[in-house]
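Since the structure comes first, as structure tokens, the remarks are kept for the end.
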Amino acid sequence: MNISKEKEIFKLNFYNLSYSFKEINMILEDYIRNYRNVGVAIINIDDFKSINMVYGYDFGDLLLNRVMSIIKNIASSYDMIFRFCGDRFIYISCENSSEDEFSFVLTRLINKLREPLFIDSKQTYITVSIGAVPNADKLIDNNQILRYCESALEEAKLRGGNCYCVFNKKQYDEMLLRKSLEIDLRKAFYMNKFKLYFQPQVNIRNDSIDSAEVLVRWEHETNGLLMPNQFIHVLENSNLSNEFDYWILREACKQNKLWQESGHKPIALSVNISQKQFYDENFIFNLTSILDETQLDTKYLHIEITERILMEPHEKAINIVNKVKELGVSVVLDDFGIGYSSVLSFIEIPFDIVKLDKSFIKSIGYSEEKRKSVDKFFKFINQFDKKVIIEGVENYEQLKFIRKAGSYNVQGFLFSPPVNKTTFESMFNSYK
Numbered sequence: 001m002n003i004s005k006e007k008e009i010f011k012l013n014f015y016n017l018s019y020s021f022k023e024i025n026m027i028l029e030d031y032i033r034n035y036r037n038v039g040v041a042i043i044n045i046d047d048f049k050s051i052n053m054v055y056g057y058d059f060g061d062l063l064l065n066r067v068m069s070i071i072k073n074i075a076s077s078y079d080m081i082f083r084f085c086g087d088r089f090i091y092i093s094c095e096n097s098s099e100d101e102f103s104f105v106l107t108r109l110i111n112k113l114r115e116p117l118f119i120d121s122k123q124t125y126i127t128v129s130i131g132a133v134p135n136a137d138k139l140i141d142n143n144q145i146l147r148y149c150e151s152a153l154e155e156a157k158l159r160g161g162n163c164y165c166v167f168n169k170k171q172y173d174e175m176l177l178r179k180s181l182e183i184d185l186r187k188a189f190y191m192n193k194f195k196l197y198f199q200p201q202v203n204i205r206n207d208s209i210d211s212a213e214v215l216v217r218w219e220h221e222t223n224g225l226l227m228p229n230q231f232i233h234v235l236e237n238s239n240l241s242n243e244f245d246y247w248i249l250r251e252a253c254k255q256n257k258l259w260q261e262s263g264h265k266p267i268a269l270s271v272n273i274s275q276k277q278f279y280d281e282n283f284i285f286n287l288t289s290i291l292d293e294t295q296l297d298t299k300y301l302h303i304e305i306t307e308r309i310l311m312e313p314h315e316k317a318i319n320i321v322n323k324v325k326e327l328g329v330s331v332v333l334d335d336f337g338i339g340y341s342s343v344l345s346f347i348e349i350p351f352d353i354v355k356l357d358k359s360f361i362k363s364i365g366y367s368e369e370k371r372k373s374v375d376k377f378f379k380f381i382n383q384f385d386k387k388v389i390i391e392g393v394e395n396y397e398q399l400k401f402i403r404k405a406g407s408y409n410v411q412g413f414l415f416s417p418p419v420n421k422t423t424f425e426s427m428f429n430s431y432k
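Right, dumping it as structure tokens:
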């Protein structure tokens with residue numbers, strides 16, 4: 001398939017082109033053989049499905065034609081544009097001698113498409129996301145070019161759209177892992193590959209474990225033990241997130257009840273609640289059902305919410321917190337003091353426990369001035385009738401400072417990292 005033939009087809013069928021992946025790869029190979037500094041980009045209209053829903057598919061087709069026309073007017077006579085996968089376009093450029101020049105063209109295109117469009121007597125506004133691979137002719141594997149463009153496009157969409165991103169190998173590897181995890185996630189969930197881990201919270205008055213934070217790990221069959229930051233973003237964007245959140249809550253209550261029935265000292269387990277779960281209309285009903293099902297005394301369950309969650313209308317948040325407290329469950333304000341509505345939340349939200357962000361205790365090692373600032377903050381906290389947990393305690397200098405400041409519970413690697421069920425059970429015997 002030679003370039004001149006393809007250009008002729010392009011001119012005759014400009015608005016109706018829809019090529020297969022194999023055909024576009026053949027054209028790409030032809031371009032790369034004949035030109036230097038070939039740039040390739042995939043252009044995608046942001047939220048195109050919503051446009052179709054609001055205005056109809058006929059309007060959507062007209063919009064696609066208009067967008068393609070705009071791309072053509074910006075492209076040079078030697079460039080090629082294809083419709084691909086419905087609402088996507090592939091743009092092949094061969095006249096930009098550098099990455100900067102190719103980026104300049106893409107910026108022009110984004111800015112042009114931000115302008116109002118008049119279609120079928122309607123004025124509409126759109127934005128596009130673009131994934132680009134400049135200097136595609138320098139890549140060893142031509143078959144990967146479109147996949148690289150897709151990776152960069154996904155990054156542009158993760159940034160909120162209305163922008164372009166250039167292919168980055170590290171981001172591509174992360175995207176492959178993310179897609180692989182999406183495929184593996186549901187299978188792993190139903191095969192019980194997710195496990196609860198526990199990090200003790202130690203009462204420094206008597207060196208006893210009063211409570212523990214519940215965390216989750218994924219025992220992945222090929223990638224080993226995965227931490228939440230390696231899969232939580234995938235989970236949150238999946239249709240499994242709601243079921244997964246309640247599974248953690250149920251398993252934590254079930255495990256705590258089993259420990260108590262086995263003769264272990266009763267302690268509270270603290271479960272992190274996501275924003276989506278907290279504002280779920282069935283949250284209180286599901287929480288009540290889990291407590292009834294597991295028969296766990298409610299005083300042995302704490303739920304942790306972050307200040308970010310409380311950025312929602314305060315009345316709504318306060319109402320939910322009060323309903324949780326009516327059940328006898330304690331509410332923990334997590335990551336307190338990292339820059340949202342800290343003091344306002346502290347005063348207005350009727351939580352039971354405040355958990356200080358690890359940045360507070362970490363800062364005492366920087367200077368005497370920092371230590372004084374933290375000391376003043378502790379004195380402020382002590383004015384309120386709240387239980388305090390300090391997280392991120394990693395050394396004895398920090399512990400000594402905390403003991404001097406007041407009677408708090410602490411959590412951190414000085415005592416233990418998050419551990420599995422068996423290891424945590426043995427800790428009951430090593431503490432009072």
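Residue numbers (UniProt numbering): 1 to 432. Beta carbons: idealized from backbone N, C-alpha and C, even for Gly.
Residue range of the unbroken alpha helix (DSSP H) whose run includes residue i
i: C149; result: I145 to L158
i: I42; result: From DSSP, I42 is part of no alpha helix (DSSP H) but of the beta strand (DSSP E) over G39 to I45.
Inter-residue CB distance, residue i and residue j (contact presumed, cutoff 8 Å)
i: L291; j: L327; result: 7 Å
i: F278; j: F189; result: Going by Cβ atoms, the distance from F278 to F189 rounds to 21 Å, so no, they are not a contact pair.
i: S238; j: E155; result: The pair is not a contact, with the Cβ atoms about 19 Å apart (cut-off 8 Å).
i: D352; j: E307; result: Not confirmed; about 16 Å, so no contact.
i: N44; j: D87; result: 6 Å
i: L106; j: V67; result: Contact doesn't hold; Cβ gap of about 14 Å is too wide.
i: I318; j: F283; result: Actually they are not in contact, since the Cβ atoms of I318 and F283 sit about 14 Å apart, beyond 8 Å.
C-beta contact flag for residue i and residue j at 8 Å
i: residue 433; j: E425; result: The chain is shown from 1 up to 432; residue 433 falls before or after that span and cannot be answered.
i: N73; j: T127; result: no
i: S121; j: L153; result: no
i: I303; j: I349; result: no
i: V329; j: L310; result: no
i: V271; j: I305; result: no
i: V216; j: Y197; result: yes
i: Y35; j: D137; result: yes
i: D280; j: N242; result: yes
i: S363; j: V354; result: no
i: I24; j: F84; result: yes
i: S359; j: I204; result: no
i: V393; j: N409; result: no
i: L296; j: C253; result: yes
i: V234; j: R178; result: yes
i: M427; j: I209; result: yes
i: L64; j: I119; result: no
i: V202; j: F401; result: no
Where the beta strand (DSSP E) through residue i begins and ends
i: F194; result: F194 to N203
i: K122; result: K122 to T124
i: C253; result: Taken as a continuous stretch (DSSP letters only), C253 belongs to no beta strand (DSSP E), being part of the alpha helix (DSSP H) at S241 to E261.
i: G131; result: V128 to V133
i: I81; result: M80 to F84
i: A268; result: A268 to N272
i: E281; result: Taken as a continuous stretch (DSSP letters only), E281 belongs to no beta strand (DSSP E), as it is neither H nor E.
i: G224; result: G224 to L226
i: L310; result: Segment: none, L310 is in no beta strand (DSSP E) and carries neither H nor E.
i: Q230; result: Q230 -> no beta strand (DSSP E), and no H or E assigned at all.
i: D100; result: Per DSSP, D100 belongs to no beta strand (DSSP E); it is in the alpha helix (DSSP H), E99 to L113.
i: residue 434; result: This structure cannot speak to residue 434, because the chain is shown only from 1 to 432.
Residue i burial status per 10 Å Cβ neighbour count (16 or more: buried)
i: G39; result: buried
i: P417; result: exposed
i: T423; result: exposed
i: S430; result: exposed
i: G60; result: buried
i: N256; result: buried
i: D385; result: exposed
i: M53; result: exposed
i: S77; result: exposed
i: E213; result: buried
i: T294; result: buried
i: I71; result: buried
i: G263; result: exposed
i: I145; result: buried
i: M80; result: buried
i: Y125; result: exposed
i: I347; result: exposed
i: P116; result: exposed
Residue i at chain C interface by Cβ criterion, 8 Å
i: F378; result: Reference to chain C is not applicable here, since this structure consists of a single protein chain.
Item to complete: Determine, using beta-carbon pairs with one atom in the region 374–384 and one in the region 316–325, whether at least three such pairs fall under 8 Å.
Response: no
Discussion item. Using a Cβ distance threshold of 8 Å, determine whether the region 126–141 contacts the region 169–184, with at least three qualifying pairs required.
Written reply: no
Worksheet item: For the region 87–96 against the region 39–59, are there 3 or more C-beta pairs whose distance is under 8 Å?
Response: yes
Worksheet item: Do the region 218–237 and the region 262–270 meet, that is, are 3 or more Cβ pairs less than 8 Å apart?
Response: no
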